């Protein structure tokens, strides 16, 4: 999988902060969070809480096997071989997980789809439309709007509220991870004044280029520590919250595209310190009403 640094547009509504009043925050990603066991969830959430992480970004694409060294409970993609082939297992898993995350002061960002699914033909969008027609076909756009509506209308069994109404557990919705076309969803978000730019980033474990972290030789641990702290501080100085790719509940197995850091593993102390520092940095937006 390819996970370069990127800037994500979140479908959430935020107010501009008064001068020197609002604070930023740090966040992380885990694209297979719906497959974590209860013990893995506890390890991850304890680590995130200790680092002051406020948001965890999760995906709805299926995963199986040992992913990034984490032996998970398999789950299928939200949609399978056709637009009518729904499997809400991933939503149900996240219903449970978001309640537990809430107890740790952590709220979820839901990424409704991923470009990787198109690239890998892992669902009907990829098989039918691929990476090109998905963004231009009126039928694909209509079917994807149905997917968004399905996710927003999903009802949480504990609260009885739809996900669209679940701001206590859900920070924001993202239309697609690594979306490669700005139309039409970005325009709709802009017209609704619901736009927010955040930075997703990671520090490569090797000396490969940071946007092509797939090979190279491992760098010394202290060099990576320094890079983590320096780059996080640069993002903080710009007043932008950041999402690290990604924090694992286990030791990093150093697979391809190796940006990950495991809780209590090498480089964890540096990332934890950077995450805690972000919570003290000033932000261009006031996020406090949307965080726990």
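In mature numbering (1 follows the signal peptide of the UniProt record, and there is no 0), the protein residues as written are -21 to -1, 1 to 271. Virtual Cβ for every residue (Gly too), placed ideally from N, Cα, C. It should be emphasised that the depicted structure is a prediction, and the values quoted were computed from it without experimental measurement.
The three-state secondary structure of residue 152, taken from DSSP, is strand.
If you compare the alpha carbons of 144, 220, 65 with that of residue 55, the shortest gap goes to 65. Rounded to the nearest angstrom, the gap between the Cα atoms of residue 24 and residue 270 is 16 Å. Classified as exposed, residue 216 has fewer than 16 neighbouring CB atoms from the shown chains inside 10 Å of its CB. Restricting attention to 141, 31, 127, the CA atom closest to the CA of residue 133 is found in 141.
In this structure residue 74 is buried. Its beta-carbon is surrounded by 16 or more other beta-carbon atoms within 10 angstroms.
In this structure, residue 33 sits near residue 86, with a CB-CB distance shorter than 8 Å. In chain order, 229, 232 place their CB closer than 6 Å to the CB of residue 48, counting only its own chain and leaving out the 5 sequence neighbours on each side. Between the alpha carbons of residue 245 and residue 252 lies a gap of roughly 13 Å. Per DSSP, reduced to three states, the secondary structure at residue 197 is strand. Collapsing the DSSP output to three states places residue 90 in a strand.
Here DSSP, grouped into helix, strand and coil, assigns residue 85 to coil.
Under the 8 Å Cβ criterion, the segment 189 to 206 does not count as touching the segment 9 to 26, having fewer than three qualifying pairs.
Rounded to whole angstroms, residue 97 and residue 118 show a C-alpha spacing of 15 Å. Closest in alpha carbon position to residue 112, among 126, 42, 127, 94, is 94. Contact check for residue 242 against residue 109 fails: the beta carbons are separated by 8 Å or more. Per DSSP, residue 123 is one residue of the alpha helix (DSSP H) stretching across 117 to 132. A Cβ-Cβ distance of about 7 Å is found for the pair residue 6 and residue 221, placing them in contact under the 8 Å criterion.
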